[in-house]
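For reference, the structure discussed in these notes is given below.
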Amino acid sequence: MTEPTLPDPRNADIQVHVSGRLVHRDLAAVSVFDSVVQGGDAVWEGLRVYGGRIFALEAHLDRLFDSARAMAFADVPDREAVRQAIFDTLAANGMRDGVHVRLTLTRGRKTTSGMDPRLNAYGPTLIVLAEWKPPVYDRGGIRLATAAIRRNSPQCVDSKIHHNNLINNILAKLEANAAGADDALMLDLAGFVAETNATTVFVVKRGALATPHADSCLPGITRGVVIEIARAAGLPLVERNLSLAEVYAADEVFVTGTMGELTPVLAVDGRVIGTGAAGPVTVGLRSRYAARTATEGTPLPS
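FYI, the numbering for the sequence shown is 2 to 303, going by our numbering.
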């Protein structure tokens, strides 16, 4: 089989942090007995590095530890140890800008195969994977297709736990791929808009913003920053149920997330959104968000 081409060749020799050790990406591995392999039993965060700073690091660590507590993880490494592991990984790779970090904490290795967390006798596994990676979406905009797969509600798995068991998102993404769309728009169990398979959603109508309640969607870090920016700019914004009809009829739609920042949505299910290009509210918020990421964040050790 032909060796796949990496999106960024600089990532061919990166060092990955796995349970206290930095190893070449080809040697980075977890045990087949690890809970992330056996059941997707892990929590994670995505971080971005801009100009020698990690944006919103403490907010991401808050969510990581909240998720681990909700999942009843035992013997979790302390905050400083996780922070240092991130710093060490970035330093080992000479990374200070244009970087995305995937931070994963699993329940750890089991003594024998099985679902019972009491078998996890070795403590959690910490993984820090840093890659050279720009925002993943086309800045000009993306197209969405509504998936049949529903987003989890708190009746099933609470979205406030940022867990690794993402099979419903992956199934939705498969639907989007088959439809020729960039991503999938996912609804909640009542048929209201929740989020996409990878991002949170905002709509703009007559200058006012609305975004779904963070019930069946992740209360994203980028989502929260955008809400702060919009309110500081005096833009009306409400969190409420949103129907598909409202999305179709919106003047602007954009999605938010650490991996892609702010991205305009040009069409949903074949309906052109607004003018079919990034609208003024989206452009203004993206500019303000860029100003925040350029000036805020936790400095990397020099």
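Yeah, the Cβ is synthetic: ideal placement off N, Cα and C, and Gly gets one too.
Rounded Cβ spacing between residue i and residue j (contact assumed at less than 8 Å)
i           : j           : result
residue 205 : residue 247 : Actually they do not touch by this definition, with Cβ atoms about 11 Å apart.
residue 266 : residue 145 : 6 Å
residue 90  : residue 156 : No, residue 90 and residue 156 are not in contact; Cβ-Cβ is about 37 Å, not under 8 Å.
residue 88  : residue 298 : About 13 Å separates the two Cβ atoms, so there is no contact after all.
residue 102 : residue 50  : 7 Å
residue 100 : residue 132 : 7 Å
residue 162 : residue 72  : 6 Å
Reference residue i, options the options, closest by Cα
i           : options               : result
residue 19  : 161, 5 and 130        : 130
residue 221 : 195, 232, 210 and 236 : 195
residue 165 : 47, 151 and 303       : 47
residue 189 : 105, 302, 241 and 95  : 241
residue 309 : 133, 116, 106 and 113 : The question about residue 309 has no answer, for the chain in this structure spans 2 to 303.
residue 229 : 289, 268, 184 and 278 : 289
residue 184 : 170, 134, 158 and 78  : 170
residue 244 : 192, 299 and 155      : 192
residue 219 : 207, 233 and 200      : 200
residue 33  : 95, 115, 139 and 50   : 115
residue 302 : 8, 86, 70 and 11      : 86
residue 28  : 300, 128 and 152      : 128
residue 271 : 159, 137, 102 and 186 : 186
residue 198 : 209, 168 and 179      : 168
residue 264 : 227, 293 and 69       : 227
Environment of residue i [buried if 16+ CB atoms lie within 10 Å]
i           : result
residue 35  : buried
residue 25  : exposed
residue 213 : buried
residue 281 : exposed
residue 256 : buried
residue 254 : buried
residue 216 : buried
residue 42  : buried
residue 78  : buried
residue 113 : exposed
residue 3   : exposed
residue 59  : exposed
residue 121 : buried
residue 6   : exposed
residue 81  : exposed
residue 153 : buried
residue 232 : exposed
residue 94  : buried
Residues sharing a beta bridge with residue i, DSSP
i           : result
residue 262 : 258
residue 184 : 145
residue 50  : 55 and 100
residue 35  : 110
residue 16  : 25
residue 130 : 103
residue 43  : 107
residue 268 : 144 and 273
residue 364 : Outside the shown range of the chain (2 to 303) lies residue 364, about which nothing can therefore be said.
residue 201 : 257
residue 299 : 55
residue 164 : 44
residue 196 : 187
Chain B within 7 Å of residue i, Cβ atoms only
i           : result
residue 260 : You won't find chain B in this structure, because it holds only one protein chain.
Every unbroken beta strand (DSSP E) within the segment 58-127, with a cutoff of 3 residues, ordered by chain: Those beta strand (DSSP E) runs which fall completely within the segment 58-127 and span 3+ residues are 100-107.
Uninterrupted alpha helix (DSSP H) stretches inside the segment 209-258 (no shorter than 4 residues): Fully enclosed alpha helix (DSSP H) runs of 4 or longer: 222-233 and 245-249.
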